[in-house]
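Structure, as structure tokens:
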Amino acid sequence: MNPWLSSTRDSRLGALDAGWTAEEALAIALHAALASDPFENGLRFAVTHSGDSDSIGAIAGNLLGLIYPEGKIAHLWRRAVECADIIDRLARDLDAVSGSGFDADHMAAFYPGWWVVIFRTPLVELFPGNRHEIILT
Numbered sequence: 069m070n071p072w073l074s075s076t077r078d079s080r081l082g083a084l085d086a087g088w089t090a091e092e093a094l095a096i097a098l099h100a101a102l103a104s105d106p107f108e109n110g111l112r113f114a115v116t117h118s119g120d121s122d123s124i125g126a127i128a129g130n131l132l133g134l135i136y137p138e139g140k141i142a143h144l145w146r147r148a149v150e151c152a153d154i155i156d157r158l159a160r161d162l163d164a165v166s167g168s169g170f171d172a173d174h175m176a177a178f179y180p181g182w183w184v185v186i187f188r189t190p191l192v193e194l195f196p197g198n199r200h201e202i203i204l205t
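See below:
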């Protein structure tokens, strides 16, 4: 049998290196997210190893957020997040922008600024030369 498969989860981390390159960080974050249950154990695993643990924690946190719905994350951890209500509103509004629930008036009321113009105006009109190149100033 392959020694990797018969080894414990924590002993495998050394083979993934320290996460100083993008591919190592992604590998460790994936390992933390997929080999840990519940959410808290995965995030704790990602940020408590030696190496680029802050980057790996950020990547793993995003992956774990996709894996575990809101109700599966410990209430104490969610309550400790600063501006959680604002983050939640941003996430829901971004989801609405990508789906059919987009309301330009709602967006203009909550997010005044340059990007509301972009959502109310076709990109072709904003950037006639190159639709794929948006310059934010």
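FYI, my numbering numbers position 51 of the sequence shown as 119, with every residue one higher than the one before it.
By construction, the Cβ of each residue, glycine as well, lies at the ideal position given by its N, Cα and C atoms.
Bear in mind that the values here come from a model prediction, so they are computed numbers and not experimental data.
I'd like the list of long-range same chain contacts for residue i, defined as Cβ closer than 7 Å, with 5 residues on each side in sequence excluded.
i	result
Ile-135	Ala-101
Using a threshold of 7 Å, state whether the C-beta atoms of residue i and residue j are closer than that.
i	j	result
Ala-142	Ala-97	no
Asp-122	Ala-93	no
Leu-84	Ala-95	yes
Phe-107	Leu-144	no
Can you tell me whether residue i is buried or exposed? The criterion is at least 16 other CB atoms within 10 Å of its CB, across all chains shown.
i	result
Ala-159	exposed
His-28	The structure shown does not extend to residue 28, since the chain is modelled only from 69 through 205, so no value can be given for it.
Ile-124	buried
Ser-118	exposed
Phe-113	buried
Grab the span of the alpha helix (DSSP H) containing residue i for me, first residue to last.
i	result
Ile-127	121-135
Ala-95	90-102
Asp-171	No alpha helix (DSSP H) holds Asp-171; DSSP gives it neither H nor E.
Glu-108	107-115
Leu-158	152-166
Near residue i, which residues of its chain fall below 8 Å by C-beta distance, leaving aside the five closest residues on each side in sequence?
i	result
Asp-171	Ala-164
Asp-161	His-174, Met-175, Phe-178, Tyr-179
Arg-157	Phe-178
Ala-152	Arg-146
So, for residue i: in the same chain, excluding its five sequence neighbours on each side, which residues have a beta-carbon less than 6 Å away from its beta-carbon?
i	result
Gly-87	Ala-93, Ile-96, Gly-119, Asp-120, Ile-124
Ser-104	Gly-110, Phe-113
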